[in-house]
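Enquirer:
Numbering (our numbering), first residue to last: 724 to 907.
(1) Would residue 875 pass as a contact of residue 853 if the rule is Cβ separation under 7 Å?
(2) So, with DSSP's three-state summary, where would you put residue 896?
(3) Could you pull out every residue in the same chain whose Cβ sits closer than 7 Å to the Cβ of residue 768, ignoring the five residues on either side in sequence?
(4) Under DSSP, the beta strand (DSSP E) around residue 746 begins and ends at which residues?
(5) Classify residue 758: buried if its beta carbon has 16 or more other beta carbons within 10 angstroms, exposed otherwise.
(6) Any idea what DSSP makes of residue 812, helix, strand or coil?
(7) Which residues share a DSSP beta bridge with residue 753?
(8) So, do the stretch 745-756 and the stretch 841-852 have three or more beta carbon pairs nearer to each other than 8 Å?
(9) Just to confirm, are residue 821 and residue 812 a CB contact at a threshold of 7 Å?
(10) Taking buried to mean at least 16 other C-beta atoms within 10 Å of its own C-beta, is residue 905 buried or exposed?
(11) Rounding to the nearest angstrom, what Cα-Cα distance links residue 836 and residue 882 in this structure?
(12) Go through its chain and collect everything with a Cβ distance to residue 795's Cβ below 8 Å, but skip five positions before and after it.
(13) Whole-angstrom Cβ separation of residue 777 and residue 830, contact assumed at under 8 Å?
(14) In chain order, which continuous runs of the alpha helix (DSSP H) of length 4 or greater are located wholly inside the stretch 829-864?
(15) In the DSSP assignment, find the beta strand (DSSP E) that holds residue 805 and state where it starts and stops.
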């Protein structure tokens, strides 16, 4: 967390998260991962806590740098998922998974686990075996169940609210959306 603070990547305010929830705290991983030495360090630390694998798969956009670094540390190949025009998470760009291939799913930040679950579902549908999931930050306080073992470099218990019950919205504080995907 000290690295996030030093990089100006630990923000306070009123934010709409990718999940659609609102929070008064936001961790902008891209501000930290723009420094290759930090991305490499975090990737190495995360990889050390995860089992060996054949492939690392991450969601675009936030998971790309950390997923790549975990794959490098593991000596595995790296692929990523993207959303199609309907919003469904898919493999594109000629990426594929082989049946029984051992996969790790790597994300930058987990709040509800929704995006990570979508990537796990893509891998399972292709016949891969998902060994575990990892992230730099777990904002859920460790409560998210992805159906596979998971690890995070830092676990935080950050409050997140549905928009209809957000105290900051009720106070009329403008909401910011600093993430990579617009939430409804």
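Think of the CB as a built atom: it goes at the ideal place given N, C-alpha and C, for glycine as much as any other residue.
Expert: In short, the structure shows the following:
(1) no
(2) coil
(3) 876
(4) 745-750
(5) exposed
(6) strand
(7) Beta-bridge pairing links residue 753 to no other residue.
(8) no
(9) no
(10) With a pLDDT of 47 at residue 905, under the threshold of 50, the predicted position of this residue should be treated as unreliable, and no value is reported.
(11) 15 Å
(12) 763, 766, 801
(13) Contact flag wrong, Cβ pair sits at about 19 Å.
(14) 837-848
(15) 800-806
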